[in-house]
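A.B. asks: All letters in the sequence shown, in the order written, are residues 6 to 496 by our numbering. Backbone N, C-alpha and C define an ideal beta-carbon position, used for all residues, glycine too.
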Amino acid sequence: MLDNNLSGPVIKGLYIDGQWQAAPSQFDDINPSDGKIWAHIPDAGAVETKRAILAAHRAFPAWSSLRFQERARVMLKIADIWDKRAQDFVNAAQHEGGGSYGKGMFEAGHVSETFRAAAGLCYGSIGEILPSQHGKFSTALRVPTGVVGVISPWNVPGILTSRGFAFAMAIGNTIVLKPSEETPYAGGLFFAEVLDEAGVPNGVFNVITASRGRTPEVGDELIDNPFVKGISFTGSTPVGRRIAAKCGAHLKKCCIELGGKDSLIVLDDADMERATSAASFGAFFHQGQICMSVEKVLVHEKIYEEFLQKFVARAGKIKTGNTAEKSNVNGPLINAKQVARVKSQLDDAVQKGAKIVLGGGINGLFVDPTILTNVTSDMDIWRDETFGPVAVVASFRNDAEAIILNNDTEYGLSCGIISRNEQRALDMSEHLETGMCHINCSSINDETHAPFGGSKASGIGRHGGKWAMETFSETRWITMDRGGRQYPPAF
Ligand code: NAD
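(1) Taking the alpha-carbon of residue 110 as reference, which of 95, 43, 326, 382 has the nearest alpha-carbon?
(2) DSSP on residue 25, reduced to helix/strand/coil?
(3) From residue 230 to residue 179, what distance separates their C-alpha atoms?
(4) Grab the span of the alpha helix (DSSP H) containing residue 442 for me, first residue to last.
(5) Would the beta-carbon of residue 347 fall within 9 Å of that of residue 372?
(6) What would DSSP say about residue 251, mapped onto helix, strand or coil?
(7) So for residue 128, helix, strand or coil by DSSP?
(8) Quick one, are the C-beta atoms of residue 422 and residue 444 less than 9 Å apart?
(9) Could you tell me the alpha carbon to alpha carbon distance between residue 172 and residue 292, rounded to whole angstroms?
(10) Unbroken alpha helix (DSSP H) runs of length 4 or more, entirely within the segment 55 to 116: which are they?
(11) If we ignore side chains and look at the alpha-carbon of each, how far apart do residue 249 and residue 362 end up?
(12) Report the rounded CA-to-CA distance for residue 202 versus residue 68, giving the unit in angstroms.
(13) Less than 8 Å between the CB atoms is what I'm expecting for residue 93 and residue 195, so what's the real figure, rounded?
(14) Would the C-beta of residue 388 count as close to ligand 1, meaning under 8 Å from any of its heavy atoms?
(15) Give me, in chain order, the residues of the same chain whose beta-carbon lies closer than 7 Å to that of residue 112; leave out the 5 immediate sequence neighbours on both sides.
(16) Report the rounded CA-to-CA distance for residue 264 versus residue 495, giving the unit in angstroms.
(17) Tell me, which residues are paired with residue 44 by DSSP?
(18) Is residue 21 near ligand 1, going by C-beta to nearest heavy atom under 8 Å?
(19) Give the single residue among 70, 312, 317, 81 whose Cα lies nearest to the Cα of residue 289.
(20) Less than 9 Å between the beta carbons of residue 188 and residue 102, yes or no?
(21) Across which residues does DSSP place residue 375 in a beta bridge pair?
(22) Please report the straight-line C-alpha distance between residue 478 and residue 176, rounded to a whole angstrom.
(23) Assuming residue 27 contacts residue 13 under a Cβ cut-off of 8 Å, what Cβ separation, rounded to an integer in Å, is found between them?
(24) Among the residues of its own chain, which have a CB less than 6 Å from the CB of residue 63, if the five just before and after it don't count?
(25) Should residue 6 go down as buried or exposed, given a rule of 16 or more other Cβ atoms within 10 Å for buried?
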């Protein structure tokens, strides 16, 4: 048990094999709104990670052979307890993650839905019956792989952690979770408290927390350890590339969800209210720190001026400040590194001729909602992920050009198209190089049973519903001969 006189929760320790365990040291968990230490978090290394993996490995046979309805009941119980503790989560997401109250409430609701969808997956198909040229009973069977290592980010700690493990666990895998060092409680130890209360059998779910300094040691163990059969990673593209390469070297399955540079494409027949609200929500929700944030708004030249004026007016009303105050929607960025990234992109753009038409102010970790025009493709902000409350607005002449502008990035996560002509928008969606596309909506969309994931440098693999079944299971071909197959007579 760690000594904790801070404003955050009592931290019970690492969660390994159903027990709260100490780590050799601890690190500070900072509230980005006020810079104060919110909690002290156990700083684990390879030794503790190995212990957690071994516990998960030992728990696998019993958990994977439990009747599917019983696993479903456990998932439903987790959902109920999560709902009961939703306000604790919201509080953590506000103070540890710098998210607004509304964002916390939205996440909390989505997480319990994720556990319920995962329970539903237990009742789904686990394979197919195939025809056989020998008249055999031939099946393609989906089986859980074993221990799955889950590495989650800080920006949406509830949804992205639960999505990373709930489906995998529901179908019989056991889990070792490493949350981000920026949200080790909301994205990690809080889940341990909930699953512990739900009576999840010992070893089925384990949480290891680590500082940024010790993360590579923990990450390496999680991937290199032969008992770990699959990795679920959500985070940045540079780290994701390294994780995928390591998994590849070990021939391990991995689902890698990475960054984005998403566009909202506003066609000349768009409903203006719909377009400006989708742009404002898409660009500024959670300070633009969403992988699917709208970072480029591409507007048909015929309506460009009208759109820009209304978008600036709408975004100019967003309130910035400490998210402990419910009316503050634009909170702090998570850390100084993120602020430096945003500032360097803004400086580069302005120096090369971009114009700031709204915002641009930076005060500590707080960045005002910012809108840029006159952006050209030689500016970093055109192609690289910003991950801050900054939107670029650019015009296009025709649909073909909008497609080229959307695809002009290594990323390919999500996008939105706003048009009154559904057929025109559907035709356009076919040419956009993204894993997801939402017509008459912002690029930010997530439903627990839908296939979530990106193309190009935005990742490989899909989360959600039955697609998570494909991601976290292995297909085995099992046949049973009924006397139909004749061997060559020489044998
Ligand atoms: P990050 O890559 O820095 O960290 C993500 C996780 O990886 C954290 O838990 C971190 O501790 C861990 N990590 C870092 N180095 C590691 C290593 N060497 N070995 C193992 N683990 C390691 O990303 P972040 O800053 O936490 O999150 C923001 C990024 O995530 C953005 O680029 C965003 O677009 C992306 N993201 C993608 C999705 C998606 O679904 N596609 C969702 C949310 C965020």
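C.D. replies: On the basis of the coordinates in this document:
(1) To locate residue 110, count along the sequence shown from 1; it is residue 105. Cα-wise, what sits closest to residue 110 is 95.
(2) The residue given as residue 25 occupies position 20 in the sequence shown. Residue 25: strand per DSSP, three-state reduction.
(3) Translated into positions along the sequence shown, residue 230 becomes position 225. Translated into positions along the sequence shown, residue 179 becomes position 174. Approximately 14 Å between the Cα atoms of the pair.
(4) The residue you call residue 442 lines up with position 437 of the sequence shown. Taken as a continuous stretch (DSSP letters only), residue 442 belongs to no alpha helix (DSSP H), as it is neither H nor E.
(5) Position 342 of the sequence shown, counted from the first residue, corresponds to residue 347. Position 367 of the sequence shown, counted from the first residue, corresponds to residue 372. By the CB criterion at 9 Å, residue 347 and residue 372 fall inside the cutoff.
(6) In the sequence shown, counting from the first residue as 1, residue 251 sits at position 246. Residue 251 falls in the helix class under three-state DSSP.
(7) Your numbering for residue 128 matches position 123 in the sequence shown. It is coil, neither helix nor strand.
(8) Your numbering for residue 422 matches position 417 in the sequence shown. Your numbering for residue 444 matches position 439 in the sequence shown. In this structure, the beta-carbon distance from residue 422 to residue 444 falls below 9 Å.
(9) Within the sequence shown, the letter at position 167 stands for residue 172. Within the sequence shown, the letter at position 287 stands for residue 292. Residue 172 and residue 292 have their alpha carbons spaced roughly 29 Å apart.
(10) Within the segment 55 to 116, the complete alpha helix (DSSP H) runs of at least 4 residues are 73 to 89, 91 to 100.
(11) As a working mapping, residue 249 is identified with position 244 in the sequence shown. As a working mapping, residue 362 is identified with position 357 in the sequence shown. Rounded to whole angstroms, residue 249 to residue 362 spans 40 Å at the Cα level.
(12) Numbered from its first residue, the sequence shown carries residue 202 at position 197. Numbered from its first residue, the sequence shown carries residue 68 at position 63. So the alpha carbons of these two residues sit roughly 17 Å apart.
(13) By one-based count along the sequence shown, residue 93 stands at place 88. By one-based count along the sequence shown, residue 195 stands at place 190. Contact flag correct, Cβ pair sits at about 7 Å.
(14) Sequence index remark: in the sequence shown, residue 388 carries index 383 (1-based). Checking the Cβ of residue 388 against ligand 1 gives no.
(15) Residue 112 sits at position 107 when you count from the first residue of the sequence shown. Here the set comprises 98, 161, 163, 164.
(16) Locating residue 264 in the sequence shown gives position 259, where the first residue counts as 1. Locating residue 495 in the sequence shown gives position 490, where the first residue counts as 1. So the alpha carbons of these two residues sit roughly 59 Å apart.
(17) As a position in the sequence shown, residue 44 is number 39, starting the count at 1. Under the DSSP definition of a beta bridge, residue 44 partners with 34.
(18) Within the sequence shown, residue 21 is the residue found at index 16, counting from 1. Of the heavy atoms belonging to ligand 1, none sits nearer than 8 Å to the Cβ of residue 21.
(19) For the purposes of this step, residue 289 is taken as the residue at position 284 of the sequence shown. Nearest C-alpha to residue 289: 317.
(20) For this step, residue 188 is matched to residue 183 along the sequence shown. For this step, residue 102 is matched to residue 97 along the sequence shown. Yes.
(21) Numbered from its first residue, the sequence shown carries residue 375 at position 370. Answer is 395, bridged to residue 375.
(22) The count along the sequence shown starts at 1 and reaches residue 478 at position 473. The count along the sequence shown starts at 1 and reaches residue 176 at position 171. Answer to the nearest angstrom: the Cα atoms are 8 Å apart.
(23) Here residue 27 corresponds to residue number 22 of the sequence shown, with the count starting at 1. Here residue 13 corresponds to residue number 8 of the sequence shown, with the count starting at 1. Incorrect: roughly 18 Å between the Cβ atoms, too far for contact.
(24) Looking up residue 63 in the sequence shown gives position 58. Excluding positions up to five away in sequence, the list reads 208.
(25) Taking the first residue of the sequence shown as position 1, residue 6 is located at position 1. Here the model assigns residue 6 a pLDDT of 43, short of 50, so the residue's position is not dependable and the matter cannot be decided.
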